[in-house]
(Lines of atoms letter the chains of each structure in order from A and count residues from 1; the text may use other names and numbers.)
(Lines give C-alpha, C1' and ligand atoms only; values in the text may rest on other atoms or scores of the structure.)
Protein backbone atom coordinates (compact mmCIF):
# COMPACT_ATOMS: atom_id res chain seq x y z
CA UNK A 1 0.00 0.00 0.00
CA UNK A 2 1.27 3.51 0.60
CA UNK A 3 0.33 6.97 1.75
CA UNK A 4 0.29 9.82 -0.72
CA UNK A 5 -0.98 13.35 -0.35
CA UNK A 6 -1.73 16.09 -2.82
CA UNK A 7 -2.33 19.70 -1.77
CA UNK A 8 -3.74 22.17 -4.28
CA UNK A 9 -4.43 25.88 -4.26
CA UNK A 10 -4.60 28.44 -7.04
CA UNK A 11 -0.81 28.76 -7.23
CA UNK A 12 0.44 25.18 -7.23
CA UNK A 13 -0.04 21.53 -6.46
CA UNK A 14 2.23 19.73 -3.99
CA UNK A 15 2.75 15.98 -4.14
CA UNK A 16 4.21 13.81 -1.37
CA UNK A 17 4.63 10.02 -1.26
CA UNK A 18 6.32 7.48 0.97
CA UNK A 19 8.59 4.73 -0.39
CA UNK A 20 6.89 1.48 0.64
CA UNK A 21 5.82 -0.63 -2.31
CA UNK A 22 3.83 -3.82 -2.87
CA UNK A 23 4.45 -6.42 -5.57
CA UNK A 24 1.71 -9.00 -6.22
CA UNK A 25 2.04 -12.39 -7.89
CA UNK A 26 -0.42 -15.24 -8.31
CA UNK A 27 0.85 -18.79 -7.90
CA UNK A 28 -0.76 -22.13 -7.12
CA UNK A 29 -4.16 -20.54 -6.67
CA UNK A 30 -2.96 -17.99 -4.11
CA UNK A 31 -2.21 -14.27 -4.30
CA UNK A 32 1.23 -13.55 -2.88
CA UNK A 33 2.44 -10.07 -1.93
CA UNK A 34 5.97 -8.91 -1.22
CA UNK A 35 6.96 -5.53 0.20
CA UNK A 36 9.95 -3.27 -0.31
CA UNK A 37 10.99 0.20 0.75
CA UNK A 38 12.77 2.63 -1.52
CA UNK A 39 10.40 2.82 -4.48
CA UNK A 40 9.85 5.97 -6.52
CA UNK A 41 6.19 6.92 -6.75
CA UNK A 42 6.25 10.47 -8.09
CA UNK A 43 7.30 11.13 -11.68
CA UNK A 44 7.31 13.85 -14.27
CA UNK A 45 4.76 12.89 -16.88
CA UNK A 46 6.16 15.31 -19.45
CA UNK A 47 9.58 16.84 -20.01
CA UNK A 48 8.04 20.17 -21.05
CA UNK A 49 4.59 20.49 -19.45
CA UNK A 50 3.73 21.16 -15.77
CA UNK A 51 2.25 17.72 -15.15
CA UNK A 52 3.19 14.88 -12.81
CA UNK A 53 1.95 11.50 -11.71
CA UNK A 54 1.85 9.53 -8.46
CA UNK A 55 1.19 5.79 -8.18
CA UNK A 56 0.03 3.65 -5.28
CA UNK A 57 -1.01 0.13 -4.28
CA UNK A 58 0.71 -2.10 -6.88
CA UNK A 59 4.05 -1.03 -8.34
CA UNK A 60 3.61 -3.09 -11.52
CA UNK A 61 0.89 -3.64 -14.09
CA UNK A 62 0.82 -7.39 -14.78
CA UNK A 63 4.57 -7.75 -14.14
CA UNK A 64 5.59 -4.56 -15.98
CA UNK A 65 6.94 -1.90 -13.54
CA UNK A 66 4.96 1.32 -13.60
CA UNK A 67 8.17 3.34 -13.46
CA UNK A 68 9.11 1.87 -16.84
CA UNK A 69 5.61 2.53 -18.23
CA UNK A 70 5.56 6.16 -17.10
CA UNK A 71 9.04 6.94 -18.38
CA UNK A 72 8.29 5.26 -21.70
CA UNK A 73 5.14 7.34 -22.01
CA UNK A 74 7.12 10.49 -21.22
CA UNK A 75 9.55 9.70 -24.02
CA UNK A 76 6.68 8.95 -26.39
CA UNK A 77 4.92 12.19 -25.46
CA UNK A 78 7.98 14.30 -26.23
CA UNK A 79 7.11 17.99 -26.49
CA UNK A 80 3.43 17.35 -27.13
CA UNK A 81 1.10 19.15 -24.72
CA UNK A 82 -2.51 18.50 -23.75
CA UNK A 83 -5.20 21.03 -22.96
CA UNK A 84 -6.22 19.54 -19.61
CA UNK A 85 -5.07 17.18 -16.89
CA UNK A 86 -7.75 14.69 -17.91
CA UNK A 87 -6.36 14.62 -21.46
CA UNK A 88 -2.97 13.61 -20.06
CA UNK A 89 -4.64 10.86 -18.03
CA UNK A 90 -6.50 9.64 -21.12
CA UNK A 91 -3.31 9.73 -23.19
CA UNK A 92 -1.51 7.58 -20.61
CA UNK A 93 -4.33 5.03 -20.71
CA UNK A 94 -4.25 4.90 -24.49
CA UNK A 95 -0.47 4.50 -24.46
CA UNK A 96 -0.73 1.48 -22.17
CA UNK A 97 -3.65 0.01 -24.09
CA UNK A 98 -1.95 0.20 -27.49
CA UNK A 99 1.59 -0.71 -26.43
CA UNK A 100 2.36 -4.11 -27.92
CA UNK A 101 6.03 -3.94 -26.94
CA UNK A 102 5.44 -3.60 -23.20
CA UNK A 103 2.34 -5.82 -23.31
CA UNK A 104 2.69 -8.24 -26.25
CA UNK A 105 -0.23 -10.56 -27.11
CA UNK A 106 1.48 -13.60 -25.56
CA UNK A 107 1.97 -11.70 -22.29
CA UNK A 108 -1.69 -10.64 -22.25
CA UNK A 109 -2.83 -14.19 -22.93
CA UNK A 110 -0.61 -15.58 -20.15
CA UNK A 111 -2.18 -13.23 -17.61
CA UNK A 112 -5.66 -13.95 -18.91
CA UNK A 113 -5.10 -17.64 -18.27
CA UNK A 114 -3.86 -16.92 -14.76
CA UNK A 115 -6.97 -14.84 -14.07
CA UNK A 116 -9.27 -17.48 -15.59
CA UNK A 117 -7.69 -20.08 -13.30
CA UNK A 118 -8.14 -17.72 -10.35
CA UNK A 119 -11.81 -17.36 -11.28
CA UNK A 120 -12.18 -21.14 -11.30
CA UNK A 121 -10.57 -21.50 -7.85
CA UNK A 122 -12.85 -18.79 -6.48
CA UNK A 123 -15.97 -20.48 -7.88
CA UNK A 124 -14.88 -23.92 -6.69
CA UNK A 125 -14.35 -22.62 -3.16
CA UNK A 126 -17.71 -20.85 -3.30
CA UNK A 127 -19.46 -24.02 -4.51
CA UNK A 128 -18.03 -26.07 -1.65
CA UNK A 129 -19.01 -23.36 0.84
CA UNK A 130 -22.59 -23.08 -0.41
CA UNK A 131 -23.01 -26.81 -1.04
CA UNK A 132 -21.41 -28.72 1.87
CA UNK A 133 -22.34 -32.01 0.21
CA UNK A 134 -19.46 -31.35 -2.23
CA UNK A 135 -16.81 -31.31 0.48
CA UNK A 136 -16.39 -35.07 0.63
CA UNK A 137 -17.08 -38.12 -1.49
CA UNK A 138 -20.71 -39.17 -1.49
CA UNK A 139 -23.72 -40.01 -3.60
CA UNK A 140 -22.79 -38.95 -7.15
CA UNK A 141 -26.37 -38.09 -8.12
CA UNK A 142 -26.77 -35.82 -5.08
CA UNK A 143 -23.49 -34.07 -5.83
CA UNK A 144 -24.38 -33.66 -9.51
CA UNK A 145 -27.66 -32.04 -8.50
CA UNK A 146 -25.81 -29.71 -6.13
CA UNK A 147 -23.35 -28.70 -8.86
CA UNK A 148 -26.21 -28.15 -11.33
CA UNK A 149 -28.02 -25.96 -8.81
CA UNK A 150 -24.84 -23.97 -8.14
CA UNK A 151 -24.16 -23.45 -11.84
CA UNK A 152 -27.73 -22.31 -12.47
CA UNK A 153 -27.50 -19.84 -9.59
CA UNK A 154 -24.17 -18.41 -10.78
CA UNK A 155 -25.38 -18.13 -14.37
CA UNK A 156 -28.38 -16.15 -13.12
CA UNK A 157 -26.07 -13.95 -11.02
CA UNK A 158 -23.89 -13.24 -14.06
CA UNK A 159 -26.92 -12.45 -16.20
CA UNK A 160 -28.07 -9.88 -13.63
CA UNK A 161 -24.66 -8.16 -13.52
CA UNK A 162 -24.13 -5.66 -16.36
CA UNK A 163 -20.80 -5.70 -18.15
CA UNK A 164 -18.40 -2.86 -17.48
CA UNK A 165 -18.30 -0.26 -20.29
CA UNK A 166 -14.79 -1.60 -20.96
CA UNK A 167 -16.30 -4.74 -22.51
CA UNK A 168 -18.96 -5.76 -24.99
CA UNK A 169 -20.76 -9.09 -25.15
CA UNK A 170 -18.63 -10.14 -28.12
CA UNK A 171 -15.50 -9.95 -25.92
CA UNK A 172 -16.93 -12.50 -23.51
CA UNK A 173 -18.19 -14.77 -26.28
CA UNK A 174 -14.81 -14.77 -28.03
CA UNK A 175 -12.91 -15.43 -24.80
CA UNK A 176 -15.11 -18.43 -24.05
CA UNK A 177 -14.80 -19.73 -27.60
CA UNK A 178 -11.01 -19.40 -27.59
CA UNK A 179 -10.15 -20.42 -24.01
CA UNK A 180 -12.96 -22.44 -22.41
CA UNK A 181 -11.63 -25.67 -23.94
CA UNK A 182 -8.17 -25.09 -22.50
CA UNK A 183 -9.56 -24.17 -19.09
CA UNK A 184 -11.88 -27.21 -19.06
CA UNK A 185 -8.88 -29.47 -19.63
CA UNK A 186 -6.92 -27.72 -16.87
CA UNK A 187 -9.86 -28.14 -14.50
CA UNK A 188 -10.12 -31.85 -15.27
CA UNK A 189 -6.39 -32.33 -14.73
CA UNK A 190 -6.43 -30.39 -11.48
CA UNK A 191 -9.42 -32.26 -10.03
CA UNK A 192 -7.99 -35.63 -10.99
CA UNK A 193 -4.63 -34.82 -9.43
CA UNK A 194 -5.85 -33.40 -6.12
CA UNK A 195 -6.67 -36.27 -3.68
CA UNK A 196 -9.15 -34.19 -1.71
CA UNK A 197 -11.05 -33.22 -4.88
CA UNK A 198 -10.96 -36.42 -6.93
CA UNK A 199 -14.57 -37.16 -6.00
CA UNK A 200 -15.58 -34.02 -7.92
CA UNK A 201 -13.83 -35.03 -11.13
CA UNK A 202 -16.80 -37.19 -12.14
CA UNK A 203 -19.56 -34.75 -11.15
CA UNK A 204 -18.31 -31.33 -12.30
CA UNK A 205 -19.09 -30.55 -15.96
CA UNK A 206 -15.69 -29.06 -16.80
CA UNK A 207 -16.77 -27.28 -20.00
CA UNK A 208 -19.71 -25.60 -18.29
CA UNK A 209 -17.61 -24.70 -15.28
CA UNK A 210 -14.91 -23.25 -17.53
CA UNK A 211 -17.40 -21.09 -19.42
CA UNK A 212 -18.87 -19.91 -16.13
CA UNK A 213 -15.40 -19.01 -14.80
CA UNK A 214 -14.61 -16.91 -17.88
CA UNK A 215 -18.02 -15.20 -17.81
CA UNK A 216 -17.58 -14.41 -14.11
CA UNK A 217 -14.08 -13.08 -14.76
CA UNK A 218 -15.48 -10.43 -17.08
CA UNK A 219 -18.51 -9.52 -14.98
CA UNK A 220 -16.79 -9.57 -11.57
CA UNK A 221 -13.22 -8.68 -12.46
CA UNK A 222 -12.72 -6.75 -9.20
CA UNK A 223 -13.17 -9.99 -7.24
CA UNK A 224 -10.79 -11.94 -9.43
CA UNK A 225 -8.10 -9.27 -9.50
CA UNK A 226 -8.39 -9.36 -5.69
CA UNK A 227 -7.48 -5.69 -5.11
CA UNK A 228 -4.47 -6.19 -7.36
CA UNK A 229 -4.67 -2.78 -9.01
CA UNK A 230 -2.55 0.34 -9.35
CA UNK A 231 -3.86 3.73 -8.36
CA UNK A 232 -2.65 6.51 -10.63
CA UNK A 233 -2.99 10.21 -9.79
CA UNK A 234 -2.25 12.60 -12.64
CA UNK A 235 -1.86 16.15 -11.31
CA UNK A 236 -0.76 19.56 -12.52
CA UNK A 237 -1.78 21.94 -15.28
CA UNK A 238 -3.02 21.39 -18.80
CA UNK A 239 -2.11 23.89 -21.51
CA UNK A 240 -5.43 25.70 -21.06
CA UNK A 241 -5.57 25.33 -17.26
CA UNK A 242 -4.80 28.39 -15.16
CA UNK A 243 -5.52 26.50 -11.94
CA UNK A 244 -4.28 23.00 -11.05
CA UNK A 245 -6.31 19.79 -11.03
CA UNK A 246 -5.87 16.07 -10.51
CA UNK A 247 -7.46 12.94 -11.91
CA UNK A 248 -7.39 9.61 -10.06
CA UNK A 249 -7.56 6.34 -12.00
CA UNK A 250 -7.45 2.69 -11.07
CA UNK A 251 -5.63 0.26 -13.39
CA UNK A 252 -6.42 -3.43 -12.99
CA UNK A 253 -4.75 -4.79 -16.11
CA UNK A 254 -5.62 -6.54 -19.34
CA UNK A 255 -8.23 -9.15 -20.11
CA UNK A 256 -6.79 -10.15 -23.47
CA UNK A 257 -6.92 -6.99 -25.61
CA UNK A 258 -9.08 -4.97 -23.22
CA UNK A 259 -7.39 -2.74 -20.62
CA UNK A 260 -9.43 -2.32 -17.44
CA UNK A 261 -8.94 1.22 -16.19
CA UNK A 262 -11.50 3.06 -14.10
CA UNK A 263 -11.79 6.79 -13.55
CA UNK A 264 -12.27 7.23 -9.79
CA UNK A 265 -12.40 10.96 -9.21
CA UNK A 266 -11.23 14.34 -10.47
CA UNK A 267 -10.89 17.58 -8.55
CA UNK A 268 -9.88 21.01 -9.77
CA UNK A 269 -9.20 24.40 -8.31
CA UNK A 270 -11.41 27.12 -9.78
CA UNK A 271 -12.98 30.44 -8.83
CA UNK A 272 -15.26 28.69 -6.34
CA UNK A 273 -12.88 26.01 -4.97
CA UNK A 274 -9.77 27.64 -3.51
CA UNK A 275 -7.99 24.68 -1.90
CA UNK A 276 -8.01 20.88 -1.85
CA UNK A 277 -6.18 18.33 0.27
CA UNK A 278 -6.56 14.70 -0.76
CA UNK A 279 -4.87 11.54 0.48
CA UNK A 280 -4.69 8.22 -1.32
CA UNK A 281 -4.40 4.62 -0.11
CA UNK A 282 -3.70 4.72 3.64
CA UNK A 283 -5.19 7.97 4.91
CA UNK A 284 -6.86 7.67 8.31
CA UNK A 285 -4.53 10.20 9.96
CA UNK A 286 -4.91 12.62 7.06
CA UNK A 287 -8.69 12.36 7.37
CA UNK A 288 -8.37 13.02 11.11
CA UNK A 289 -6.26 16.10 10.44
CA UNK A 290 -8.71 17.46 7.89
CA UNK A 291 -12.00 16.70 9.64
CA UNK A 292 -10.91 17.32 13.22
CA UNK A 293 -11.94 13.84 14.37
CA UNK A 294 -10.94 10.27 13.56
CA UNK A 295 -13.20 8.38 11.10
CA UNK A 296 -14.32 5.94 13.77
CA UNK A 297 -15.45 8.82 16.01
CA UNK A 298 -18.39 9.48 13.68
CA UNK A 299 -19.94 6.05 14.21
CA UNK A 300 -18.99 5.97 17.91
CA UNK A 301 -20.62 9.31 18.78
CA UNK A 302 -23.77 8.64 16.80
CA UNK A 303 -24.01 5.09 18.14
CA UNK A 304 -23.68 6.24 21.77
CA UNK A 305 -26.30 8.92 21.18
CA UNK A 306 -28.71 6.23 20.01
CA UNK A 307 -27.89 3.92 22.95
CA UNK A 308 -28.39 6.57 25.64
CA UNK A 309 -31.54 7.99 24.12
CA UNK A 310 -33.04 4.51 23.97
CA UNK A 311 -32.08 3.95 27.61
CA UNK A 312 -33.73 7.23 28.56
CA UNK A 313 -36.91 6.39 26.69
CA UNK A 314 -37.09 2.87 28.12
CA UNK A 315 -37.23 4.38 31.61
CA UNK A 316 -40.28 6.47 30.79
CA UNK A 317 -43.80 5.17 31.22
CA UNK A 318 -45.09 6.09 27.77
CA UNK A 319 -48.52 5.33 26.45
CA UNK A 320 -48.54 2.62 23.77
CA UNK A 321 -49.57 5.06 21.04
CA UNK A 322 -46.72 7.41 21.94
CA UNK A 323 -44.19 4.58 22.32
CA UNK A 324 -44.94 3.42 18.77
CA UNK A 325 -43.69 6.76 17.38
CA UNK A 326 -40.47 6.77 19.43
CA UNK A 327 -38.19 4.86 16.96
CA UNK A 328 -39.00 7.33 14.19
CA UNK A 329 -38.46 10.30 16.50
CA UNK A 330 -35.11 8.89 17.68
CA UNK A 331 -33.94 8.30 14.11
CA UNK A 332 -34.85 11.88 13.18
CA UNK A 333 -33.12 13.26 16.27
CA UNK A 334 -30.01 11.18 15.58
CA UNK A 335 -29.76 12.54 12.03
CA UNK A 336 -30.18 16.13 13.22
CA UNK A 337 -27.64 15.59 16.01
CA UNK A 338 -25.04 14.13 13.63
CA UNK A 339 -25.58 16.96 11.17
CA UNK A 340 -25.33 19.60 13.88
CA UNK A 341 -22.15 18.41 15.59
CA UNK A 342 -20.31 17.64 12.34
CA UNK A 343 -21.29 21.05 10.95
CA UNK A 344 -19.95 22.68 14.10
CA UNK A 345 -16.63 20.85 13.73
CA UNK A 346 -16.48 21.87 10.06
CA UNK A 347 -17.04 25.53 10.92
CA UNK A 348 -14.44 25.60 13.67
CA UNK A 349 -11.81 23.33 12.09
CA UNK A 350 -12.03 22.53 8.37
CA UNK A 351 -13.20 25.92 7.07
CA UNK A 352 -10.35 27.88 8.73
CA UNK A 353 -7.85 25.20 7.67
CA UNK A 354 -9.06 25.34 4.07
CA UNK A 355 -8.78 29.12 4.11
CA UNK A 356 -5.17 28.95 5.34
CA UNK A 357 -4.21 26.35 2.73
CA UNK A 358 -5.61 28.53 -0.05
CA UNK A 359 -2.98 31.16 0.77
CA UNK A 360 0.04 28.93 1.40
CA UNK A 361 3.11 29.48 -0.79
CA UNK A 362 4.41 26.42 -2.69
CA UNK A 363 7.19 25.63 -0.21
CA UNK A 364 4.76 25.49 2.72
CA UNK A 365 2.33 23.40 0.69
CA UNK A 366 5.16 20.92 0.16
CA UNK A 367 5.97 20.92 3.88
CA UNK A 368 2.31 20.25 4.74
CA UNK A 369 2.02 17.36 2.27
CA UNK A 370 5.23 15.78 3.58
CA UNK A 371 4.14 16.15 7.21
CA UNK A 372 0.83 14.42 6.55
CA UNK A 373 2.57 11.46 4.92
CA UNK A 374 5.01 11.20 7.83
CA UNK A 375 2.10 11.35 10.28
CA UNK A 376 0.43 8.37 8.58
CA UNK A 377 3.75 6.52 8.53
CA UNK A 378 4.23 7.12 12.26
CA UNK A 379 0.73 5.84 13.02
CA UNK A 380 1.36 2.65 11.03
CA UNK A 381 4.68 2.12 12.78
CA UNK A 382 3.38 2.40 16.34
CA UNK A 383 -0.09 0.83 15.93
CA UNK A 384 -0.04 -1.65 13.05
CA UNK A 385 3.57 -2.70 12.53
CA UNK A 386 2.77 -3.19 8.86
CA UNK A 387 5.14 -2.70 5.96
CA UNK A 388 2.63 -0.77 3.88
CA UNK A 389 3.70 2.79 4.75
CA UNK A 390 7.25 3.98 5.37
CA UNK A 391 10.65 4.87 4.00
CA UNK A 392 11.89 8.25 2.77
CA UNK A 393 9.25 10.74 1.61
CA UNK A 394 9.58 12.26 -1.86
CA UNK A 395 8.07 15.72 -2.33
CA UNK A 396 7.49 17.74 -5.48
CA UNK A 397 5.70 20.97 -6.34
CA UNK A 398 4.15 21.81 -9.70
CA UNK A 399 3.43 25.37 -10.78
CA UNK A 400 2.19 26.69 -14.10
CA UNK A 401 5.44 28.52 -14.84
CA UNK A 402 8.17 26.41 -13.24
CA UNK A 403 6.68 22.98 -13.93
CA UNK A 404 7.58 20.10 -11.62
CA UNK A 405 10.23 21.05 -9.06
CA UNK A 406 11.67 18.51 -6.64
CA UNK A 407 11.73 19.53 -2.98
CA UNK A 408 12.94 16.14 -1.72
CA UNK A 409 13.94 13.19 -3.85
CA UNK A 410 15.82 10.03 -3.03
CA UNK A 411 18.19 8.24 -5.41
CA UNK A 412 19.33 4.64 -5.35
CA UNK A 413 22.82 5.92 -6.08
CA UNK A 414 25.10 8.57 -4.62
CA UNK A 415 24.63 11.84 -6.55
CA UNK A 416 28.23 12.87 -5.81
CA UNK A 417 29.54 9.82 -7.68
CA UNK A 418 27.32 10.27 -10.73
CA UNK A 419 27.64 13.82 -12.10
CA UNK A 420 27.06 12.55 -15.66
CA UNK A 421 23.51 11.56 -14.69
CA UNK A 422 22.64 15.17 -13.88
CA UNK A 423 24.35 16.39 -17.04
CA UNK A 424 22.14 14.06 -19.09
CA UNK A 425 19.06 15.23 -17.20
CA UNK A 426 19.83 18.86 -18.00
CA UNK A 427 20.12 18.28 -21.75
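Numbering (this note's numbering), first residue to last: 9 to 435.
Glycine residues also receive a C-beta, built at the ideal position from the N, C-alpha and C atoms.
Cβ neighbours of residue i in the same chain (closer than 6 Å, five flanking residues each side left out)
i: residue 2; result: Given a span of 9 to 435 for the chain in the structure shown, any question on residue 2 remains unanswerable.
i: residue 376; result: 15
i: residue 62; result: 12, 23, 25, 49, 50, 241
i: residue 409; result: none
i: residue 321; result: 334
i: residue 255; result: 93, 94, 97, 242, 274
Opening and closing residue of the alpha helix (DSSP H) in which residue i lies
i: residue 379; result: 370 to 387
i: residue 60; result: Not the alpha helix (DSSP H): residue 60 falls in the beta strand (DSSP E), residues 59 to 65.
i: residue 130; result: 113 to 138
i: residue 336; result: 328 to 353
i: residue 365; result: 359 to 366
i: residue 233; result: 229 to 233
i: residue 310; result: 303 to 322
i: residue 208; result: Per DSSP, residue 208 belongs to no alpha helix (DSSP H) and is neither H nor E.
i: residue 165; result: 148 to 168
Those residues which DSSP pairs with residue i across a bridge
i: residue 261; result: 268
i: residue 288; result: 12
i: residue 254; result: 243, 275
i: residue 402; result: 25
i: residue 20; result: 407
i: residue 45; result: 28
Nearest candidate by alpha-carbon position, reference residue i, set the options
i: residue 100; options: 74, 114, 118; result: 74
i: residue 27; options: 398, 347, 419; result: 398
i: residue 251; options: 305, 407, 106, 193; result: 407
i: residue 195; options: 102, 183, 185, 211; result: 211
i: residue 70; options: 386, 310, 268; result: 268
i: residue 45; options: 188, 385, 77, 174; result: 385
i: residue 209; options: 378, 157, 166, 146; result: 146
i: residue 86; options: 53, 159, 64; result: 53
i: residue 230; options: 193, 213, 270; result: 270
i: residue 401; options: 416, 245, 305; result: 416
i: residue 440; options: 282, 411, 156; result: Summary: the structure shown does not reach residue 440, with the chain confined to residues 9 through 435, and so no result is reported for it.
i: residue 109; options: 200, 77, 122; result: 77
i: residue 310; options: 162, 179, 370, 346; result: 346
i: residue 219; options: 163, 190, 184; result: 184
i: residue 419; options: 412, 411, 403; result: 403
i: residue 136; options: 158, 388, 10, 354; result: 158
i: residue 177; options: 149, 237, 266, 245; result: 266
i: residue 18; options: 10, 363, 431, 432; result: 363
Cut-off 8 Å between Cβ atoms - residues of its own chain near residue i, not counting five sequence neighbours on either side
i: residue 79; result: 51
i: residue 314; result: 338, 342
i: residue 303; result: 292, 295, 296
i: residue 84; result: 103
i: residue 298; result: 285, 358, 361
i: residue 281; result: 275
Cβ shell of residue i (< 7 Å), same chain only, five flanking positions each side left out
i: residue 154; result: 139, 141, 142
i: residue 272; result: 256, 257, 258
i: residue 152; result: 211
i: residue 227; result: 166, 169, 171
i: residue 119; result: 70, 261, 262
Range covered by the beta strand (DSSP E) that runs through residue i
i: residue 86; result: That residue, residue 86, is in no beta strand (DSSP E); it is neither H nor E in DSSP.
i: residue 51; result: 50 to 52
i: residue 239; result: 238 to 244
i: residue 414; result: 411 to 416
*asked:* Does the structure place the stretch 423 to 433 close enough to the stretch 323 to 342 that three or more beta carbon pairs sit under 8 Å?
replied: no
*Check whether the stretch 104 to 121 touches the stretch 247 to 262, counting contact only when three or more Cβ pairs, one atom from each stretch, lie closer than 8 Å.*
yes
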